Each structure stands twice: as structure tokens, then as C-alpha cells.
Amino acid sequence: MLFMILTVMAILSSKSKTGEIDGLSFIQTDIYNLWATALLPIMVVILVSLDQFQGRQAHELQRYYANDWSINKLYLAKLIKFWALILLAQLEVCLVTMLSNLLTTGHVTQIGTLLGVSMLIWLGALPLISINAFLLQYANPVIASILNVGLVIMSVLLRNVFSPFFAFNPWNYSLRTIALLRINPNNTILDKNSWMAHDLSFIWYIIVAVLGWLLVDYLVVTLIGKQRWQKR
């Protein structure tokens, strides 16, 4: 459904004579802005909630505890699975964008930049997986989706995407990354000479932040596993 919507957007926008605004494909701007602000966090919620539902139906955790299997390994396997699925979705978004550019502008440009931005968005999605895995223990998928999108909108309104402390908010990562495509989080286009469209230093902040989230995840899952084992 997601990619059908994006494809329809491309077809409708192909009526434009050039398909560009200030030398930038506007369908590319719309697709990546929509993906970063709403569709990506909602997709994470859907993936995690479906897996948790299936796990409850199969009494997955009970089987692991009953057989003294490693909860850390279970969590890592799920994390890798979700991350791989998001990678596939991100690559599809990239492909749809390229095809949309071909339909609307008659050519495909910025292939390397699109791939690089896509991989960075995928990397930055990792903390959203762990956060929503915890959140969905207490909230239903609809509430979790609204909360995720609300946090993204709040980040845009507070204009902290380009602040030095953006890395403390995982919902900022994709918003900051699409600036490399000259996309402002408010769905406007950045000037060609804007420092935000050329600054790459933020990438290291995202990498360090993601590694930090992985460490926190490991410690939390290990602690929960020990507490459950002691209660037996």
C-alpha cells in the first residue's frame, strides 16, 4: 500500500512540465519528506507490533524461559530481522524515487546521494526499533503511531533538527539526513548553498548515538533477563 501511494504520487506529478523546483525534483522531496516524517516510524510500529502479537500467540517468551534459552539472543535476532525488513523498505523507497524522477523529470540524478541518504536513514532507524519495542508493551499500535508522528512533528516545530543536540532525539535522525537532499523538515527546499545541505559532520553523531542505543539495549535486556530468572 505504501509504495502504491508513492507510485500514484509520481504519476500525478508527472503532468508537470519539468517536475523540478530550483533544480530539485519535487516528487523526490515529497517522497523522502513523507517517509522521514511519518511512514518510517509508522512502519516500525507495525513491524514490531505484529511480531509481538505473533510472539504472544505462540507463547514465545515462556518457551525461552522454560528452556533457559538466551533472551539476549532472541532480542538480537528480532532486532536484526526488523532492521533487515526496514532496509528492504528503504531500498524500495529509493527505487520508487528514482523511477518517479524518471517519470517527472525525464532523467535520474543524485543516484549516489539517494543511496547514501537511504543507508543513513536505515542506520538511524535502529533506535526507533528498540524504543517502540518497549513502548508497545504498554500502548496499542494506534497510540504508538500517533505518539511517534507527534514526536516528529514536535521536532520540526521546535526546530531542533539542526541543533548541536539533535542526536539525543532519535526522531531527528531521518529529518537531519534528508537535508542532504536539500529537503527541509517542513517540506520546503533548502538553498543550494545552505550549509545544512552540505554538512556531513552530523553522520558521526548518528553513528555514535546508534552505538550508544545498542549498548543501552544490551544492558536493559540483560537486566530484564536476570530479573526474570531470579523470580523463577
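The sequence shown lines up with residues 153 to 384 when you count with this note's numbering. Beta carbons are placed, not taken as given, at the ideal position from N, Cα and C, and that holds for glycine. All values derive from a computational prediction rather than experimental measurement.
In the three-state reduction of the DSSP assignment, S270 falls in the helix class, which pools H, G and I.
By alpha-carbon distance to W347, the top candidate from I359, L333 and N338 is L333. Each of S282, W187 and G302 was checked against the Cα of C246, and the nearest Cα belongs to W187. The stretch 289-301 makes no contact with the stretch 248-262, as fewer than three CB pairs between them are under 8 angstroms.
The beta-bridge partner set that DSSP reports for L363 is empty. Rounded to whole angstroms, the separation of the alpha carbons of V269 and G364 is 21 angstroms.
The count of Cβ pairs closer than 8 angstroms, one atom from the stretch 262-281 and one from the stretch 237-251, reaches three, so the stretches are in contact. Rounded to the nearest whole angstrom, the C-alpha separation of N312 and Y227 is 31 angstroms.
By a beta-carbon distance limit of 8 angstroms, S326 does not contact N253. Their separation comes to about 20 angstroms.
The alpha-carbon of S201 is positioned some 18 angstroms away from that of G302. For Q180, the uninterrupted alpha helix (DSSP H) run begins and ends at F178 to L186, by DSSP. Of the candidates R328, S282, L367 and V294, R328 places its Cα closest to the Cα of D351. The criterion of a C-beta distance shorter than 9 angstroms is not satisfied by I238 and L310. Between L199 and F234, the CB-CB gap stays under 9 angstroms.
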